[in-house]
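Have a look at the structure below before the remarks.
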């Protein structure tokens with residue numbers, strides 16, 4: 001998982017980075033709230049860990065700006081220096097999901113992160129994941145569409161699972177490249193576009209199957225669930241706009257003025 005941390009204290013940032021990477025996650029560090037906000041315009045994360053006292057914004061201000069500016073509700077943990085009930089209430093009221101007090105203990109941070117990730121992404125722990133006509137079997141790394149097994153490479157399977165696990169959420173090219181090409185890959189890599197195009201074709205990710213995969217220019221990709229009513233409405237509109245057969249003796253050419 002990709003986890004972003006905001007803390008202006010080098011020692012604290014190093015501790016958080018160490019703990020998060022030891023748990024098997026990718027960690028991205030920021031020293032100001034504005035740096036994180038700028039990055040969130042083009043990049044996506046699975047969890048945010050925010051220090052309550054930053055040089056440019058308060059923790060509450062940053063949390064509100066994230067909640068008001070992002071289309072999806074990425075989980076947020078904030079960290080305060082003391083056990084102030086007022087800070088805890090303000091942070092949770094601003095939209096955070098959990099709270100920790102300093103000094104932060106390694107085991108507690110790891111446990112809180114894992115619990116929050118399980119609540120936010122429950123499908124991570126399930127043996128089978130069902131998304132309409134699509135069924136994932138992570139342990140066997142298999143995927144079926146309408147009960148038919150679709151042969152996928154490991155990278156294609158990981159990419160498909162990442163997209164479905166984040167339905168309706170814009171995933172940055174960097175985020176996706178980390179899955180397809182590997183951590184640290186250039187976000188401009190054409191390999192990503194090739195994998196996405198191949199996956200769209202193999203899984204037939206189109207409205208008639210209930211899902212639509214869209215490319216967001218210079219940003220990334222988003223997989224959306226399409227409601228049956230929306231699919232039906234689109235079909236009705238297409239049918240209504242189709243040309244009707246001509247009756248004998250009729251012409252579509254308008255009469256001369």
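Numbering (full-length UniProt numbering), first residue to last: 1 to 257.
Using N, Cα and C, we set each Cβ at its ideal position, and we do this for glycine too.
Short Cβ contact (8 Å threshold) for residue i with residue j
i           : j           : result
residue 3   : residue 46  : yes
residue 97  : residue 109 : no
residue 113 : residue 23  : yes
residue 206 : residue 212 : yes
residue 79  : residue 104 : yes
residue 19  : residue 106 : yes
residue 91  : residue 60  : yes
residue 56  : residue 81  : no
residue 40  : residue 62  : no
Distance, residue j Cα to residue i Cα
i           : j           : result
residue 170 : residue 152 : 23 Å
residue 202 : residue 172 : 22 Å
residue 121 : residue 129 : 11 Å
residue 51  : residue 7   : 5 Å
residue 135 : residue 164 : 10 Å
residue 44  : residue 146 : 31 Å
residue 180 : residue 160 : 10 Å
residue 208 : residue 85  : 51 Å
residue 234 : residue 197 : Since pLDDT at residue 234 reaches only 45, below the 50 mark, its modelled position is unreliable, and no value is offered.
residue 30  : residue 66  : 15 Å
residue 214 : residue 101 : 41 Å
residue 15  : residue 53  : 17 Å
Beta-carbon contacts of residue i that lie in its chain and below 6 Å, excluding the five residues immediately before and after
i          : result
residue 12 : none
residue 28 : 4
residue 88 : 99
Other residues of its chain near residue i: CB distance less than 7 Å, five sequence neighbours each side excluded
i           : result
residue 218 : none
residue 210 : 132, 133, 225 and 226
residue 42  : 172 and 219
residue 142 : 149
According to DSSP, residues forming a beta bridge with residue i
i           : result
residue 51  : 79
residue 26  : 2
residue 224 : 212
residue 134 : 131 and 145
Same chain only: Cβ atoms within 8 Å of residue i, ignoring 5 sequence neighbours per side
i           : result
residue 64  : 94 and 95
residue 155 : 179, 180 and 195
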